[in-house]
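Once you know that position 26 of the sequence shown is 485 in the numbering used here, the rest is easy, because the numbers rise by one and skip nothing. Ideal placement from N, C-alpha and C gives every residue a C-beta, glycine not left out. Since we're looking at a predicted model, the values are computed, not measured. Here the structure is laid out as structure tokens; the discussion comes afterwards.
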Amino acid sequence: MKKWECDVCGFLHEGEEPPKKCPVCDSPGTLFALMIEAKKEEAKAIAGKRWRCIVCGYVHEGDEPPEICPVCAAPKSMFVEIDAEGKEIGTPLQPAQDSAPLTLESAGTIPGGKKEKSSFIDRLAGLSLKIHLHPIMVHFPNGVLPVVLVFLVISMILRIDSFETAAYYNLVFVLLTLPFVLITGFLEWQKRYKGVKTAIFVTKIMSSLIVFAAVSVLVFWRLLDPTVLAEGSPTRFIYLGVAAGMLGAAGIAGYLGGRLVFGTRN
460 MKKWECDVCG FLHEGEEPPK KCPVCDSPGT LFALMIEAKK EEAKAIAGKR
510 WRCIVCGYVH EGDEPPEICP VCAAPKSMFV EIDAEGKEIG TPLQPAQDSA
560 PLTLESAGTI PGGKKEKSSF IDRLAGLSLK IHLHPIMVHF PNGVLPVVLV
610 FLVISMILRI DSFETAAYYN LVFVLLTLPF VLITGFLEWQ KRYKGVKTAI
660 FVTKIMSSLI VFAAVSVLVF WRLLDPTVLA EGSPTRFIYL GVAAGMLGAA
710 GIAGYLGGRL VFGTRN
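Here it is, written out as structure tokens:
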């Protein structure tokens with residue numbers, strides 16, 4: 460069986476011919492490349508074992524799984540052995556009490572295979588993953604934060620008050636949207652990534668909380684002291700520094716999110 464890879468999004472298709480269009484990104488079949496290394500990889504799989512991280516999907520080849528996942532830093536216990544076709548042929552190496560991590564399929568399942576009524580949180584998490592709600596929500600504030608810093612700098616250098624006012628209203632918008640970003644991000648972490656507390660997730664969560672705290676400080680500081688950025692204000696550069704730190708923390712969170720999403724692609 461031939462394998463074809465979409466050059467745009469990395470989707471893999473199995474068949475004698477590539478599909479007419481990619482089911483993920485709608486790219487035409489002409490943008491699919493035949494994976495000539497597929498048989499070699501299958502031969503390697505026969506000779507050695509393959510392990511997949513159940514948190515992020517990273518695949519490792521070797522007699523034993525790595526001590527930590529190079530993508531999401533999940534421990535060795537979160538790897539499961541797979542065959543040449545990517546199907547699980549074992550169970551994760553984690554302890555028995557953790558061997559059935561909470562997933563959308565297992566949410567609400569009680570011993571015996573029966574399902575109890577899903578809670579509102581379970582349904583909300585399922586909807587969030589299905590329509591990719593977290594990536595959607597992240598785009599709103601992340602597109603505005605750089606504008607805030609640029610407007611503040613322009614206001615200070617060129618002494619144009621309207622830019623400072625615009626930056627303030629943008630900050631208010633970000634403050635109103637960030638709670639939705641944090642909630643959907645938490646649901647994504649719990650459901651898709653099993654809620655593992657590795658360095659990459661802890662750093663991402665802390666960065667997001669720093670952004671929320673910084674935005675709150677900037678909004679309420681400006682509300683209590685409208686002249687904080689006025690010429691001669693002793694705290695104007697501190698205010699600008701908080702805004703710069705806010706943007707830096709958002710950049711770290713975005714980088715780690717991209718690493719989780721695209722870290723398994725070549």
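Burial state of residue i (16 or more Cβ within 10 Å)
{"i": "CYS484", "result": "exposed"}
{"i": "GLY700", "result": "exposed"}
{"i": "LEU635", "result": "exposed"}
{"i": "ARG511", "result": "buried"}
{"i": "HIS593", "result": "buried"}
{"i": "PRO554", "result": "Confidence at PRO554 is low in this model, with a pLDDT of 47, below 50, so the placement of that residue should be treated as unreliable; the coordinate-derived value is given next. Exposed is the call here."}
{"i": "LEU715", "result": "buried"}
{"i": "ARG618", "result": "exposed"}
{"i": "LYS462", "result": "buried"}
{"i": "ARG582", "result": "exposed"}
{"i": "LEU719", "result": "buried"}
{"i": "MET596", "result": "buried"}
{"i": "THR686", "result": "exposed"}
Residues bridged to residue i (per DSSP)
{"i": "TRP510", "result": "HIS519 and GLU540"}
{"i": "PHE491", "result": "CYS465"}
{"i": "LEU471", "result": "GLU464"}
{"i": "ILE527", "result": "PRO534"}
{"i": "LYS480", "result": "PRO487"}
{"i": "GLU547", "result": "ILE541"}
Whole-angstrom distance between residue j and residue i, CA atom to CA atom
{"i": "LYS656", "j": "PHE645", "result": "12 Å"}
{"i": "MET705", "j": "ILE669", "result": "7 Å"}
{"i": "TYR517", "j": "ALA672", "result": "33 Å"}
{"i": "SER675", "j": "VAL609", "result": "18 Å"}
{"i": "LYS650", "j": "VAL514", "result": "10 Å"}
{"i": "TYR652", "j": "LEU588", "result": "11 Å"}
{"i": "LYS479", "j": "TRP680", "result": "56 Å"}
{"i": "GLY602", "j": "ILE548", "result": "43 Å"}
{"i": "VAL467", "j": "ILE659", "result": "27 Å"}
{"i": "GLY691", "j": "VAL607", "result": "21 Å"}
{"i": "SER621", "j": "ILE697", "result": "20 Å"}
{"i": "GLU540", "j": "HIS519", "result": "9 Å"}
{"i": "ALA709", "j": "ALA626", "result": "17 Å"}
{"i": "ASP542", "j": "GLY507", "result": "10 Å"}
{"i": "GLN556", "j": "HIS591", "result": "Confidence at GLN556 is low in this model, with a pLDDT of 39, below 50, so its placement is unreliable and the value that follows should be read with caution. Spanning the two alpha carbons is a distance of roughly 30 Å."}
{"i": "PHE721", "j": "LEU604", "result": "23 Å"}
8 Å contact criterion, which residue i and residue j should meet: CB distance rounded
{"i": "LEU493", "j": "SER614", "result": "Not really, about 55 Å apart at Cβ, beyond 8 Å."}
{"i": "GLY529", "j": "PHE538", "result": "Looking at the sequence itself, residue 529 is Pro, so the reference to Gly does not match. Contact flag wrong, Cβ pair sits at about 12 Å."}
{"i": "PRO482", "j": "PHE470", "result": "7 Å"}
{"i": "VAL678", "j": "VAL612", "result": "Incorrect: roughly 18 Å between the Cβ atoms, too far for contact."}
Test: residue i CB closer than 7 Å to a CB of chain B
{"i": "LYS589", "result": "The structure shown contains no chain B; it holds only a single protein chain."}
Practice task
Quick one: which unbroken alpha helix (DSSP H) runs of 4-plus residues sit fully inside the region 574-616? Chain order, please.
Solution key: 579-589
Exercise for the section: Report the residue ranges of all alpha helix (DSSP H) runs contained in full by the region 653-695; include only those spanning at least 4 residues, in chain order. Expected result: Taking only runs of at least 4 residues, the alpha helix (DSSP H) segments lying wholly in the region 653-695 are 658-683.
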